[in-house]
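In my numbering, the protein residues as written are 954 to 1371. All C-beta atoms in this analysis are idealised placements derived from N, C-alpha and C, irrespective of residue type, glycine included. Here the structure comes first, spelled out in structure tokens, and everything after it is commentary.
Okay, structure coming up:
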């Protein structure tokens, strides 16, 4: 009995020592990695932007980008040494923004965080990011460095085959996609000319972009059979493309039939589900609503501290409060910004008067454009009274938040951290 007890104690001590050594090594590597990330902004005031497609640079136009990049430009023109980091991703929710928050704060070390989030929050995802929940369901075991090393060793052999591919764009992909969509062609073989695509992944870009042109034409108000057909063709040609993954699963979670097809095609991506984007993962989970979810999906939800409730809820208020608590605990200034045409009172009601938050409204600056001039600043009407902004609209948002950012810099006497 004593030998067994001694062996058990020895094993625990050995594992603990290994864990301490690995944790120290990871800390050193993380510090070095963080230095690389913020090297461009190490001598600057760093601003982190949180949000979804209305903030995502992907939806901004190439020259100036979305409003965070335009804000940085405006501040630099006024002589402020700033660097903005934009981690917004289209299709995400405030729950998933929270699940990545600590990682992003450690990575970018911001002085100021600007949040404009919540518009996608009517769903079944809830944030369960407290440690007590993790301890009760033993998911803390998965955070041990020794467990992670074992997982890494087991998966290393297949690492090369599971990398997400960078998207490939043939020189003529916009022109070909335009012709496909205008004629509602389902194959490039129907075109009167030969496209320049050199491989399946380049070929897939034609079909995906044709689907997006169709989505823009109907102003994001519906997902139809043409879009679903084209995104499926793209996915089958190149299943590890970031854009193919997102747009396929996004277009297939709206009807019972398309969700069935989505579940069938999940096998194409299950082997590399660990490295797909959050916004793609959200759509995959929706495809399995009312059905048994694969273990791989449940595992990732647990690792992200995200649960699923029976009915759809809007958790924006709770998530905003958690966000502010985390930022306050780290001494990071928080600017909460409201969407175009929506009242700032909604955001203010999430907090008490004692919460030190700077609120920014975008209703008055967009009010003159809600009639005939609407499309001078917006690209679509995906939220009826407002939608994704174009380059001019992003510039208006940047101008609106410029003054409050300057006030925060002055009030907190922010100085760049070395």
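(message) Measuring only the C-alpha atoms, how far is residue 1101 from residue 1069?
(response) Reading the chain shown from its first residue, position 148 is the one you call residue 1101. Reading the chain shown from its first residue, position 116 is the one you call residue 1069. Here residue 1101 scores only 49 on pLDDT, less than 50, and its place in the model should not be relied on; the value that follows carries that caveat. One C-alpha to the other measures close to 34 Å.
(request) Measure how close the beta-carbons of residue 1244 and residue 1216 come, nearest whole angstrom, since I'm counting them as under 8 Å. (result) Here residue 1244 refers to the residue found at position 291 when the chain shown is read from its first residue. Here residue 1216 refers to the residue found at position 263 when the chain shown is read from its first residue. Between the beta-carbon of residue 1244 and that of residue 1216 there is about 7 Å, and that keeps the pair under the 8 Å contact cut.
(message) I'd like the span of the beta strand (DSSP E) that includes residue 1197, first residue to last.
(response) Walking along the chain shown from the start, residue 1197 turns up at place 244. Here residue 1197 belongs to no beta strand (DSSP E); instead the alpha helix (DSSP H) covers 1195-1204.
(request) Check residue 1037 in the structure and name its three-state DSSP category. (result) To locate residue 1037, count along the chain shown from 1; it is residue 84. In this structure, residue 1037 counts as strand in the three-state DSSP scheme.
(request) To the nearest angstrom, report how far apart residue 1211 and residue 1187 are at their CA atoms. (result) In the chain shown, counting from the first residue as 1, residue 1211 sits at position 258. In the chain shown, counting from the first residue as 1, residue 1187 sits at position 234. Using only the alpha carbons, I get a separation of about 16 Å.
(request) Compute the beta-carbon to beta-carbon distance between residue 1197 and residue 1239, rounded to the nearest angstrom, for a pair I have assumed lies under 8 Å. (result) Stepping through the chain shown from its first residue, residue 1197 is reached at position 244. Stepping through the chain shown from its first residue, residue 1239 is reached at position 286. Not really, about 18 Å apart at Cβ, beyond 8 Å.
(message) Does the structure place the region 1342-1362 close enough to the region 1288-1299 that three or more beta carbon pairs sit under 8 Å?
(response) Enough Cβ pairs lie closer than 8 Å, so yes.
(request) Measure the CB-CB distance between residue 1079 and residue 1003 and report whether it falls below 8 Å. (result) Along the chain shown, one-based indexing puts residue 1079 at 126. Along the chain shown, one-based indexing puts residue 1003 at 50. Not in contact: residue 1079 and residue 1003 (Cβ atoms no closer than 8 Å).
(message) Do residue 1135 and residue 1179 count as a contact pair if the criterion is CB distance below 8 Å?
(response) The residue you call residue 1179 lines up with position 226 of the chain shown. The residue you call residue 1135 lines up with position 182 of the chain shown. No.
(request) State the Cα-Cα distance for the pair residue 1129 and residue 1121, rounded to the nearest angstrom. (result) Sequence index remark: in the chain shown, residue 1129 carries index 176 (1-based). Sequence index remark: in the chain shown, residue 1121 carries index 168 (1-based). Cα to Cα, residue 1129 sits roughly 14 Å from residue 1121.
(message) Let me make sure I understand the geometry here. Which of 1195, 1001, 1013 and 1327 has the alpha-carbon closest to that of residue 1059?
(response) Numbered from its first residue, the chain shown carries residue 1059 at position 106. It is 1001.
(message) If you follow the alpha helix (DSSP H) that residue 1356 is in, where does it begin and where does it stop?
(response) Numbered from 1 along the chain shown, position 403 holds the residue referred to as residue 1356. Residue 1356 -> alpha helix (DSSP H) spans 1344-1364.
(message) Is the separation between the beta-carbon of residue 1430 and that of residue 1156 shorter than 8 Å?
(response) Outside the modelled stretch of the chain, which goes from 954 to 1371, sits residue 1430, for which no answer is possible.
(request) Output yes or no for whether 8 Å exceeds the beta carbon distance between residue 1035 and residue 997. (result) Mapped onto the chain shown, residue 1035 falls at position 82. Mapped onto the chain shown, residue 997 falls at position 44. Yes, the pair counts as a contact, with Cβ atoms nearer than the cut-off.
(message) Give me the residue from 1147, 1053 and 1192 with the minimum Cα distance to residue 1153.
(response) Walking along the chain shown from the start, residue 1153 turns up at place 200. Checking every option, the nearest Cα to that of residue 1153 belongs to 1192.
(request) Would you mind giving the Cβ-Cβ distance between residue 1231 and residue 1077, rounded to the nearest angstrom? I have them listed as a contact below 8 Å. (result) If you number the chain shown from 1, residue 1231 lands on position 278. If you number the chain shown from 1, residue 1077 lands on position 124. 15 Å between Cβ atoms; not a contact.
(request) Closer than 7 Å by C-beta to residue 1346: which residues in its own chain qualify, once you throw out the five before and the five after it? Chain order, please. (result) Here the question's residue 1346 lines up with position 393 in the chain shown. If we look at residue 1346 and ignore the five residues flanking it on each side, its Cβ neighbours are 1330 and 1331.
(request) Starting from the Cα of residue 1295, find the closest Cα among 1340, 1248, 1254 and 1253 and give me that residue. (result) Counting from one through the chain shown, the residue named residue 1295 turns up at place 342. Considering only alpha carbons, the answer is 1340.
(request) Could you say which of 1053, 1306, 1349 and 1249 lies nearest to residue 1322 if we only look at CA atoms? (result) Your numbering for residue 1322 matches position 369 in the chain shown. The candidate whose alpha carbon is nearest that of residue 1322 is 1349.
(request) Assuming residue 1300 contacts residue 1312 (C-beta within less than 8 Å), just tell me the rounded distance between them. (result) Translated into the one-based positions of the chain shown, residue 1300 becomes position 347. Translated into the one-based positions of the chain shown, residue 1312 becomes position 359. Residue 1300 to residue 1312, Cβ: 6 Å. Contact.
(request) Report buried or exposed for residue 1032, applying the criterion of at least 16 other Cβ atoms within 10 angstroms of its Cβ. (result) For this step, residue 1032 is matched to residue 79 along the chain shown. By the 10 Å Cβ count, residue 1032 comes out exposed.
(request) Check each candidate in 1262, 1256, 1316 and 1181 and name the one with the smallest Cα separation from residue 1218. (result) Along the chain shown, one-based indexing puts residue 1218 at 265. Ranking the options by Cα distance to residue 1218, first place goes to 1181.
(request) With a threshold of 7 Å, establish whether the CB of residue 1273 neighbours any heavy atom of the ligand PLP. (result) Among the components of this structure there are no ligands whatsoever, and the ligand PLP is therefore not found.
(message) According to DSSP, is residue 1139 part of a helix, a strand, or is it coil?
(response) Here residue 1139 corresponds to residue number 186 of the chain shown, with the count starting at 1. Here residue 1139 sits in coil by DSSP.
(message) With H, G and I counted as helix, E and B as strand and the rest as coil, what does DSSP make of residue 1014?
(response) Along the chain shown, one-based indexing puts residue 1014 at 61. Coil.
(request) Helix, strand or coil for residue 1226, going by three-state DSSP, please let me know. (result) Against the chain shown, residue 1226 aligns to sequence position 273. Note: residue 1226 maps to helix in three-state DSSP.
(request) With DSSP as the reference, label residue 1057 as helix, strand or coil. (result) As a working note, residue 1057 is residue 104 in the chain shown. Helix, per DSSP.
(request) Determine the burial state of residue 1044: buried for a count of at least 16 other Cβ atoms within 10 Å of its Cβ, exposed for fewer. (result) Along the chain shown, one-based indexing puts residue 1044 at 91. When all chains shown are included, residue 1044 counts as buried.
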